[in-house]
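In what follows, a single structure is set out as structure tokens and then discussed.
Residue numbers (the working numbering), protein chains in the order written: chain A, 6 to 670; chain B, 2 to 131.
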């Protein structure tokens, strides 16, 4: 059948019209073979623009349309709906991107116009070969997975469970709680972190819809939106979770007492069998196999003898659990960066140079000093404390160390630390070296000003250049740019506001999820403004610091947003599949497996099939078979196939060639 | 037509190999400088004044010869600006003017004693003469 094509050229206000002569484009494309209607309009995506498309489809009996406008990522779905509403197949729509790929990058109007015509011509050539496609449906597994059990993961899980869906949390540590559990007070209200976090941890632990896999890791992810298959490795904790009552007797009596306590960042020790902190969820002991005498050399067994519940099991092994999920939320959080490359601050030379997270533990009532601020080297009260901001943040790429971004939370927590120190120990001199104090946020600047004005914290515009331990003192040399002086301060304690970076597990997880990341290993959002909690990979959502540095209020807000997106997905019984998937011409397939090897979604399998040959004999041949429900239409197989058997619906080799021919004409 | 000062500024930036626009004014260079108290203009001011083209005062300042070229500022600058190289470039611009050698062979004698290593004299020549 002869195609009857309509062409619609959008001005996008002046976005396109300023650099492209849109009416000339419409006129030129109107002369292309197959085109029976061509028009330009100010805003094609508006109601009036869409009505114009619908009317033209009906009046001119169009079989396909080309819209010359913005990127298909922006409005392809819009115009497909428009076409469907006017009665033609939505896959008979092609978008020529004359904004991002033309008007925005050209200055010369003649050049821009010429290129817009060429791009439109290519789209016309393609749509002439388009065939109507029908999208299938895929079922949705009504269960979500949240990876990471910090405040981001907990809040997301609670909100999803609230809507009535099952949700699992996978946490690599023995307890949920994350970084927030380690904090002392929270800005700007100074409420205690544990007081507001632990009730949420208990809620998550007790919620019937939430299952927590603690001390577990995701090891593989297969499938696609609505139908993920995830393998979770439950690491052996040598304690039966179902029997352990969390009484803590084993953790007191264990003879191995010199294990660095990671919850207190190594500032004190724990036993080989331990519960990270009193409010841990699940409150279950874990045996550290690197230190347990029984696991190392088969001698001891004290905890097993003591345990009234009989929960100790030295023979426990790692266990792989496979579950199905409809949606996955990444909430893998952050860590402070290593101070290895910042020798000038003497972090590795003196115990009294600490990071801000270590300072949190020193101020925390459940910390190594019981909340009394004592310096680590000699347990004396520090009388002069220097806080250094931006350690490793805002570094340029060619400085060879640190991160280029602002870590966002340091200005506020440093103000908090300075304020709390002055409140508890008014005889302490507190200096904060800052480059800029960045406090956008509700009640944030007021908070910082309170530290300076009411609590008498010395804010110094400048940076510390060198910290040298001398005797019991730390000689701090820094600049005061306002006074144009170099300051020399004899400090007792130096606190470094270390930059934060995504957790190391995020990168391998992103690979498993086929979710994209930026150069800093933060997960990329589908759209920085309009889709901030979704990954570009369908069915994968982002919560908390794995997407970028943020404080607790922002994290909780984003966690709720991610949950609502998950709920929006899970409340569908079925999803519309993408019909633009690969298919194989079985007669051309030579059974080489190239496509199977390159397919990132494992959508291709090989089958032995009986064929009737031209000479009337039958032959068993090995041919590729695509599972259309799993295929995401990436096209890798079509390129890998040496015999040309693989092709993509909607993007066939013929269609692409026609586009190229039209461009080169 | 570019002014003389503008040409001088471009020349200094080119010979230093540093990008002064990358400076975020944190002052870490001046916080770290061991010669700070000897200097009239401090490392961060060198960077800023070259950036804004206010170079004349630098050319005439003793600060040029107080920089030890220890490169602590270069090592610690979080922006990779290399302040010591900016100071070096301004110093070169100063001594390359006619008759502006900081050290002449005749003047060496008064520095000589048993303590001073010969290499110090050689490197001083390299640094203070064209």
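C-beta atoms are modelled at their ideal positions from N, C-alpha and C, and glycine is treated no differently.
Spatial distance of residue 50(B) from residue 85(A) (CA atoms) = Locating residue 50(B) in the second chain gives position 49, counting from the first residue. Locating residue 85(A) in the first chain gives position 80, counting from the first residue. In this structure, the straight-line span from the alpha carbon of residue 50(B) to that of residue 85(A) is close to 58 Å.
Interface residues of chain A around residue 58(B) at Cβ under 9 Å?
-> Position 57 of the second chain holds residue 58(B). The premise fails here: residue 58(B) is roughly 14 Å from chain A at the closest Cβ pair, so nothing lies under 9 Å.
Residue 380(A) versus residue 497(A) - alpha carbon distance = Within the first chain, the letter at position 375 stands for residue 380(A). Within the first chain, the letter at position 492 stands for residue 497(A). Their backbone Cα atoms lie some 8 Å apart in a straight line.
Keeping to the same chain, check which residues put their C-beta closer than 6 Å to that of residue 324(A); ignore five residues upstream and five downstream.
-> Indexing the first chain from 1 puts residue 324(A) at position 319. Around residue 324(A): 239.
Would the segment 402 to 413 of chain A and the segment 76 to 90 of chain B be scored as touching if the rule is three or more Cβ pairs under 8 Å?
-> In short, these stretches touch, since the Cβ pair count reaches three.
Do you know offhand how far residue 244(A)'s Cα is from residue 278(A)'s?
-> Within the first chain, the letter at position 239 stands for residue 244(A). Within the first chain, the letter at position 273 stands for residue 278(A). Rounded to the nearest whole angstrom, the C-alpha separation of residue 244(A) and residue 278(A) is 9 Å.
Which of helix, strand or coil DSSP assigns to residue 289(A) | Indexing the first chain from 1 puts residue 289(A) at position 284. When DSSP states are grouped into helix, strand and coil, residue 289(A) belongs to the coil group.
Since I believe residue 629(A) is in contact with residue 609(A) (beta carbons under 8 Å), could you give me their beta-carbon distance rounded to a whole number of angstroms?
-> Working through the first chain from its first residue, we reach residue 609(A) at position 604. Working through the first chain from its first residue, we reach residue 629(A) at position 624. Correct: roughly 6 Å between the Cβ atoms.
Find the residues of chain B that neighbour residue 2(A), judging by a C-beta separation of less than 9 Å, and give them in chain order.
-> Residue coverage of chain A in this structure runs from 6 to 670, which leaves residue 2(A) outside it and unanswerable.
When the cut-off is 8 Å and only beta carbons count, does residue 76(A) lie next to chain B?
-> Stepping through the first chain from its first residue, residue 76(A) is reached at position 71. By this cut-off, residue 76(A) is not an interface position.
Does any residue of chain B bring its CB to less than 8 Å from the CB of residue 412(A)?
-> The residue labelled residue 412(A) in the question sits at position 407 within the first chain. Chain B contact via Cβ: absent.
Going along chain A, which residues have a C-beta under 8 Å from residue 23(B)?
-> Start at 1 with the first residue of the second chain, and residue 23(B) comes out as number 22. By Cβ distance, chain A contributes 401.
For the alpha helix (DSSP H) holding residue 361(A), just list the boundary residues, first then last.
-> Counting from one through the first chain, the residue named residue 361(A) turns up at place 356. Here the alpha helix (DSSP H) through residue 361(A) covers 361 to 368.
Tell me, please, whether the CB atom of residue 299(A) is closer than 8 Å to any CB atom in chain B?
-> Counted from its first residue, the first chain places residue 299(A) at position 294. No, no contact with chain B.
Looking at C-alpha atoms only, which residue of 246(A), 289(A), 234(A) and 293(A) is the closest neighbour of residue 262(A)?
-> In the first chain, the residue the question calls residue 262(A) occupies position 257. The shortest C-alpha separation from residue 262(A) is found at 293(A).
Would you list, in chain order, the members of the segment 249 to 273 of chain A that have their beta-carbon closer than 8 Å to a beta-carbon of chain B?
-> Within the segment 249 to 273 of chain A, no residue qualifies.
Would you verify that the beta carbon of residue 15(B) is, or is not, closer than 8 Å to some beta carbon of chain A?
-> Start at 1 with the first residue of the second chain, and residue 15(B) comes out as number 14. By this cut-off, residue 15(B) is not an interface position.
So, do the segment 187 to 194 of chain A and the segment 298 to 314 of chain A have three or more beta carbon pairs nearer to each other than 8 Å?
-> Contact between the segment 187 to 194 of chain A and the segment 298 to 314 of chain A is not established, with fewer than three Cβ pairs separated by less than 8 Å.
Output yes if chain B places a C-beta closer than 8 Å to the C-beta of residue 469(A); else output no.
-> As a working mapping, residue 469(A) is identified with position 464 in the first chain. Put simply, the CB of residue 469(A) is near chain B, with a gap under 8 Å to one of its CB atoms.
What residue range is occupied by the uninterrupted beta strand (DSSP E) comprising residue 384(A)?
-> On the first chain, residue 384(A) is found 379 positions in, with the first residue counted as 1. Boundaries cannot be given for residue 384(A), as no beta strand (DSSP E) includes it and DSSP labels it neither H nor E.
Neighbour-count burial assignment, residue 291(A), 16 or more Cβ in a 10 Å radius | For this step, residue 291(A) is matched to residue 286 along the first chain. Residue environment for residue 291(A): buried (at least 16 other C-beta atoms within 10 angstroms of its C-beta).
What are the complete alpha helix (DSSP H) segments, minimum 4 residues, inside the segment 152 to 187 of chain A?
-> Taking only runs of at least 4 residues, the alpha helix (DSSP H) segments lying wholly in the segment 152 to 187 of chain A are 156 to 167.
So residue 438(A) and residue 393(A) are in contact, right, with Cβ under 8 Å, and what is the actual spacing, rounded?
-> Taking the first chain and counting its residues from 1, the one referred to as residue 438(A) is at position 433. Taking the first chain and counting its residues from 1, the one referred to as residue 393(A) is at position 388. The pair is a contact, with the Cβ atoms about 5 Å apart (cut-off 8 Å).
Measure the C-alpha to C-alpha separation of residue 537(A) and residue 531(A) and round it to an integer number of angstroms.
-> Position 532 of the first chain, counting from 1, holds the residue named residue 537(A). Position 526 of the first chain, counting from 1, holds the residue named residue 531(A). So the alpha carbons of these two residues sit roughly 7 Å apart.
Proximal chain B residues relative to residue 407(A), where beta-carbon distance stays under 9 Å | As a position in the first chain, residue 407(A) is number 402, starting the count at 1. Here the neighbours are 79.
Three-state secondary structure assigned by DSSP to residue 233(A) | Start at 1 with the first residue of the first chain, and residue 233(A) comes out as number 228. Correct three-state label for residue 233(A): strand.
Would you call the segment 37 to 51 of chain A and the segment 101 to 115 of chain A in contact, with 3 or more CB pairs under 8 Å?
-> Contact between the segment 37 to 51 of chain A and the segment 101 to 115 of chain A is absent, because fewer than three Cβ pairs lie under 8 Å.
Run of the alpha helix (DSSP H) containing residue 485(A), from where it starts to where it stops = Locating residue 485(A) in the first chain gives position 480, where the first residue counts as 1. Element bounds for residue 485(A): not the alpha helix (DSSP H) but the beta strand (DSSP E), 478 to 485.
Between which two residues does the beta strand (DSSP E) containing residue 69(A) stretch?
-> Here residue 69(A) refers to the residue found at position 64 of the first chain. It spans 69 to 74 - the beta strand (DSSP E) in which residue 69(A) sits, taken as one unbroken run.
Which runs of the alpha helix (DSSP H), 4 residues or longer, sit entirely within the segment 42 to 102 of chain B?
-> For the segment 42 to 102 of chain B, whole alpha helix (DSSP H) runs of length 4 or above, ordered along the chain, are 44 to 53, 57 to 60, 73 to 77 and 84 to 96.
Roughly how far, in whole angstroms, is the beta-carbon of residue 332(A) from the beta-carbon of residue 182(A), given that I think they are within contact range, below 8 Å?
-> Position 327 of the first chain holds residue 332(A). Position 177 of the first chain holds residue 182(A). About 23 Å separates the beta carbons of residue 332(A) and residue 182(A), which is beyond the 8 Å limit, so they are not a contact pair.
Does the segment 162 to 176 of chain A come close enough to the segment 205 to 221 of chain A that 3 or more CB-CB pairs lie under 8 Å?
-> Taking one beta carbon from each stretch, the segment 205 to 221 of chain A and the segment 162 to 176 of chain A have 3 or more pairs nearer than 8 Å; the two touch.
Applying a beta-carbon distance threshold of less than 7 Å, which residues of chain A neighbour residue 37(B)?
-> Along the second chain, one-based indexing puts residue 37(B) at 36. Those within 7 Å of residue 37(B) in chain A are 491.
Use the C-beta contact count for residue 589(A): other C-beta atoms within 10 angstroms, 16 or more gives buried, fewer gives exposed.
-> Residue 589(A) sits at position 584 when you count from the first residue of the first chain. So residue 589(A) counts as buried.
Cβ of residue 443(A) within 8 Å of any chain B Cβ | Along the first chain, read from residue 1 onward, the residue named residue 443(A) stands at position 438. Not one chain B Cβ lies under 8 Å of residue 443(A).
According to the Cβ coordinates, are residue 653(A) and residue 585(A) closer than 8 Å?
-> Against the first chain, residue 653(A) aligns to sequence position 648. Against the first chain, residue 585(A) aligns to sequence position 580. At the C-beta level, residue 653(A) and residue 585(A) come within 8 Å of one another.
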